[in-house]
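Those protein sequence lines, which keep their order, are chains V and D. Letter by letter, the first sequence follows residues -2 to 100 in our numbering. Letter by letter, the second sequence follows residues 3 to 181 in our numbering. Note that the Cβ used here is the ideal one computed from N, Cα and C, for glycine as well. These numbers come from a predicted model, not from an experiment. Below is one structure; the comments refer to it alone.
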Amino acid sequence: METMTMNGQQIELNEEGYMKNPAQWSKEWAHQIAGEYEITLTDKHFEVLNWLREKQAEGVALNIRKVGKSGIVDIKQFYALFPGGPLKVSSRIAGIPKPVSCV
Amino acid sequence: MTETLNKEPVTSKATVPANKKEDTVKKVVIICSKGTLEDVYAALIMANGALADGRDAKLFFTFFGLDAITKSKADHLHTATVGNPAFMPAMPTMIGGLPGFEKFASYMMKKQMDKLDIPNVTEFIEMIDAGGGEIYACKLAADMFKLEEKDFLPEVKGIITVGDMYALADGEGSHFIFI
């Protein structure tokens, strides 16, 4: 199993670097992973990340369209906040599983 | 709000950032020449999927594919119930030809897609545009069907020639998909 240590805590990851247990998420994780994508997180980013974490916890199958209807960002803003595949990237930063949707 | 972080305590064993991996498919140019529901959706899903995955996507609609970007037709595409052996194979072809049957079958198909959270054609095109994808119409086909810019959805960036279409694929890691 792949793991990384952050502040003394062992974090379990899948082979693509997604967090296995969303409960281990922290703002530090978010900043660190965002840094890998050269993203500097703002309040707006965190609003999206929190929304994603909430919906994921509720068992919602997430896709870009739903984020666009979240009332936080539209699709264009979502792409601008998380360049390089918005839901893929934001899910990793949000500590939730990689999205499986084709839309 | 940007907290500065001490990156020292992190010992990363396995994090290859998804965006740093060598990716050879950088761009897809999708040519859609068909106007049937399933063919148009295949084009839209592949284009949108490329963008969602961090790749570039261009769409070029030609011949009957122009229906997908024509204002009056985009949200009224049908699936063929005649001449389509994969559609309800146990059903006699003649039934598929009954008046209204194709409309009904298309309605059922759209209902099923709605359940899967698949948007209708115009919304899908808006999504692709919002994601940075580019949509074009074929000049020759537009001339043939007597269609002008005003007939097309606002997301259509232009009516272009074959040469212009090839130019869309400029650059390394570019691929064509023909439907």
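Taken through DSSP and simplified to helix, strand or coil, V/Leu10 comes out as strand. The beta carbon of V/Gln53 is closer than 7 Å to those of Pro19, Leu59, Ile93 in its chain, skipping five residues each way along the sequence. According to the DSSP secondary-structure assignment, V/Ile93 is paired through a beta bridge with no residue.
Listed along chain V, no residue sits closer than 9 Å to D/Gly175 by beta-carbon distance, the nearest being about 14 Å off. Under the three-state reduction of DSSP, V/Leu59 is assigned to coil, being neither helix nor strand. For the region 39 to 64 of chain D, the full-length beta strand (DSSP E) segments reaching 3 residues or more read 58 to 63 along the chain. For V/Glu(-1), the enclosing beta strand (DSSP E) stretches over residues -1 to 3. For the options D/Gln114, D/Ile179, D/Arg57, the alpha carbon positioned closest to that of D/Leu39 is the one of D/Gln114.
The beta-carbon separation of D/Ala70 and D/Ala59, rounded to 15 Å, does not stay under the 8 Å limit for a contact. Put simply, the backbone Cα of V/Gly32 is about 10 Å away from that of V/Trp26. By the rule that beta-carbons nearer than 8 Å mark a contact, V/Ile90 does not touch chain D.
Taking D/Ile161 as the centre and dropping the five residues before and after it, the same chain places the C-beta of Ala139, Lys141, Ala144 closer than 6 Å to its C-beta, in chain order. V/Ile30 sits away from V/Gln21, with the two beta carbons spaced by 8 Å or more. Nearest CB-CB separation between D/Met129 and chain V: below the 8 Å threshold.
Just so you know, the alpha carbons of D/Ile47 and V/Cys99 end up roughly 7 Å apart. No Cβ of chain D is located within less than 8 Å of the beta carbon of V/Leu46. Counting along the chain, V/Gly32 sits inside the alpha helix (DSSP H) bounded by residues 24 to 33. Residue burial annotation: D/Tyr168 is exposed, with fewer than 16 other C-beta atoms found within 10 angstroms of its C-beta. Secondary structure within the region 76 to 160 of chain D: the beta strand (DSSP E) runs of 3 or more consecutive residues, fully enclosed, are 136 to 140 (chain order). The C-alpha of D/Gly175 lies about 21 Å from the C-alpha of V/Lys85. Relative to V/Tyr76, the option among V/Ser87, V/Leu38, V/Asp40 whose CA is nearest is V/Ser87.
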